[in-house]
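There are 2 protein chains.
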Amino acid sequence: MSYKQVPLVVIKRLPRYHRYLGELLKNNVSRISSTDLSEKMGVTASQIRQDLNFFGGFGQQGYGYNVEMLYNRVSSILGLDKGYKTIIIGCGNLGHALANYTGFANRGFTLCAMFDTDKEKIGTEIAGLTVKPCSELEEYIKLEKPDIAILAVPKTAVVSVADEIVSYGIKALWNFAYVDLNLPGDVTVENVHLSDSLMTLSYRMSENKGNDF
Amino acid sequence: MSYKQVPLVVIKRLPRYHRYLGELLKNNVSRISSTDLSEKMGVTASQIRQDLNFFGGFGQQGYGYNVEMLYNRVSSILGLDKGYKTIIIGCGNLGHALANYTGFANRGFTLCAMFDTDKEKIGTEIAGLTVKPCSELEEYIKLEKPDIAILAVPKTAVVSVADEIVSYGIKALWNFAYVDLNLPGDVTVENVHLSDSLMTLSYRMSENKGNDF
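So the sequences go chain by chain: A and B. Just so we're aligned, residue 1 is where the first sequence starts under the numbering used here, counting upward by one. Just so we're aligned, residue 214 is where the second sequence starts under the numbering used here, counting upward by one.
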């Protein structure tokens with residue numbers, strides 16, 4: 001099935017559906033009405049019905065949604081059932097924090113290796129992995145074919161690192177440096193620009209917008 | 214002036230305008246056409262004109278935009294000229310990374326204090342600040358009145374920490390824990406849910422969406 005007609009704003013809500021449905025599953029809730037789900041998520045029931053209709057509309061009148069089916073469906077749409085292998089490049093505080101975050105593994109992302117150029121970090125152990133030197137990136141990527149590279153390197157280094165690893169075959173980057181990367185069209189880049197988020201907070205404070213963003 | 218009619222999608226682009234205009238300023242570019250700005254930002258010139266029209270339309274036919282004026286205007290709309298004081302609660306790897314990120318100070322956010330409950334962290338120095346015990350939060354917040362609390366605490370602690378500091382008068386939270394906070398309407402919360410971003414990347418990989426998100 002193709003989801004090309006699905007608006008971005010709906011796609012952006014899918015991780016939240018995933019999170020709430022996962023919590024329901026954990027609490028052994030097997031079905032839920034759009035009204036109850038909407039209260040939990042703080043959006044309208046009609047929006048929930050509209051959103052989920054984009055993916056085939058699983059709700060049944062008088063029964064609601066089958067939580068497990070919906071959770072699996074959302075997981076599958078998000079690609080979480082593919083078992084992506086990730087590597088982290090940059091083992092400073094941010095890379096360290098990301099490596100220790102168990103939430104990624106719970107969602108099917110397996111951290112396979114960590115890289116740094118700093119001799120003091122190479123050889124140390126983080127999250128059960130021994131930090132490798134960046135000089136081994138080419139061999140590792142060509143041999144192990146990780147799916148996603150997490151870039152936790154300084155802004156000044158990110159463009160050359162990204163170009164390099166893309167030339168070795170990496171097709172997806174999760175970039176934490178405050179630079180927009182220009183890469184070939186078949187490379188998927190998701191940027192986490194933390195300053196943008198802080199500026200959005202600042203905007204909402206100065207406009208007194210509340211929390212309905 | 215009120216910007217209440219400005220669509221969310223335009224607001225979300227403002228930090229990027231701020232970033233690109235800041236780079237132009239640094240490179241001593243004093244004016245720019247919507248066409249040139251659009252090429253730099255990878256959006257259409259017509260979208261740029263539309264976006265900026267929401268804030269009063271500063272472009273002049275045949276001249277383009279005055280970069281400094283536009284930069285200052287965008288800064289002001291984002292509230293970056295207010296000089297917000299921030300504190301970080303949670304001094305693990307993530308809190309540490311955030312404290313050392315100079316990009317925030319450059320945008321007018323001043324980090325004034327860091328807090329933790331861990332005895333091994335209390336008293337250590339991070340980014341030139343001595344980590345204080347969380348037991349001093351009440352006194353500090355009531356006395357110093359920081360504007361923004363950055364929450365880099367574990368998911369299990371975030372709800373009680375948020376409730377506590379809001380009761381001391383904090384009105385804005387930048388939350389990195391993977392929990393949506395329910396707080397009084399006059400408290401502004403911006404969540405950075407990193408898993409959501411990773412899931413968006415995964416979705417785009419599985420759908421081969423390219424980078425036009």
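Every residue gets a Cβ at the ideal spot worked out from N, C-alpha and C, and that includes glycine. Model, not experiment: these values are computed from the prediction.
By the rule that beta-carbons nearer than 7 Å mark a contact, residue 306 of chain B touches chain A. Residue 196 of chain A has a beta carbon lying within less than 7 Å of a beta carbon in chain B.
At the C-beta level, residue 400 of chain B and residue 384 of chain B come within 7 Å of one another. In the DSSP annotation of this structure, the continuous segment of the beta strand (DSSP E) that includes residue 172 of chain A starts and ends at 172-175. Excluding the 5 residues flanking it on each side, residue 84 of chain A has same chain C-beta neighbours closer than 6 Å at 109, 147, 148, in chain order. The residues 89, 90, 161, 177, in chain order, have a CB closer than 7 Å to that of residue 153 of chain A in the same chain once the five nearest residues on each side in sequence are set aside. Going by beta carbons, residue 199 of chain A and residue 228 of chain B fall inside the 7 Å limit. Only residues of its own chain outside the window of five on either side were considered, and among them 368, 371, 372 have a CB closer than 8 Å to the CB of residue 392 of chain B, listed in chain order. Your pair residue 107 of chain A and residue 259 of chain B does not check out as a contact, with CB atoms roughly 38 Å apart and the cut at 8 Å. The straight-line gap separating the alpha-carbon atoms of residue 250 of chain B and residue 403 of chain B is approximately 28 Å.
Following the DSSP letters along the chain, one finds residue 323 of chain B inside the beta strand (DSSP E) bounded by residues 323-329. Beta-carbon to beta-carbon, residue 310 of chain B and residue 93 of chain A are separated by about 4 Å, close enough to satisfy the 8 Å threshold. Interface annotation, residue 71 of chain A: not in contact with chain B, CB-CB separation never under 7 Å. Inter-residue distance for residue 253 of chain B and residue 233 of chain B is about 8 Å (C-alpha atoms, whole angstroms). For residue 132 of chain A, the pairing in a beta bridge is given by DSSP as A/115.
Here the C-alpha atom of residue 244 of chain B lies approximately 9 Å from the C-alpha atom of residue 237 of chain B. The C-alpha of residue 44 of chain A is placed about 49 Å away from the C-alpha of residue 138 of chain A. Contact annotation for residue 200 of chain A against chain B: 224, 225, 227, 228, 291, 403 [CB-CB distance below 9 Å, chain order]. A direct Cα-to-Cα measurement between residue 87 of chain A and residue 231 of chain B gives close to 31 Å. DSSP places residue 159 of chain A within a helical segment (H, G or I) once states are collapsed to three. Sequence-distant Cβ neighbours of residue 166 of chain A in its own chain, meaning closer than 6 Å and more than five residues away, are 183, 187. At a beta-carbon threshold of 8 Å, none of the residues of chain A lie near residue 258 of chain B; the nearest stands roughly 18 Å away. Residue contact check for residue 316 of chain B against chain A: a CB pair falls below 7 Å. Residue contact check for residue 178 of chain A against chain B: a CB pair falls below 7 Å. Interface flag for residue 114 of chain A against chain B is unset, since no Cβ pair is found closer than 7 Å. Within the same chain, Cβ atoms closer than 7 Å to the Cβ of residue 51 of chain A are found at 10, 13, the five residues on either side in sequence being excluded. Measuring C-alpha to C-alpha distances from residue 100 of chain A to each of A/120, A/151, A/127, A/119 identifies A/127 as the nearest. Counting the other Cβ atoms within 10 Å of the Cβ of residue 364 of chain B gives 16 or more, which makes it buried. In the assembly as shown, residue 331 of chain B is an exposed residue. Its beta-carbon has fewer than 16 other beta-carbons within 10 Å.
In this structure residue 202 of chain A is not in contact with residue 324 of chain B, their Cβ atoms being roughly 14 Å apart against a cut-off of 8 Å.
When the alpha-carbon of residue 63 of chain A is set against those of A/134, A/193, A/28, A/34, the nearest one is in A/34. Residues of chain B with a Cβ closer than 8 Å to the Cβ of residue 127 of chain A do not exist; the shortest Cβ-Cβ separation is about 11 Å. In the same chain as residue 22 of chain A, and ignoring 5 residues on each side of it, the C-beta atoms closer than 8 Å to its own belong to 71, in chain order.
In the structure shown, residue 298 of chain B falls within a strand segment according to DSSP collapsed to helix, strand and coil.
Nearest in C-alpha terms to residue 54 of chain A, of all of A/136, A/7, A/121, is A/7.
Contact of residue 168 of chain A with chain B is not assigned, every C-beta pair being separated by 7 Å or more.
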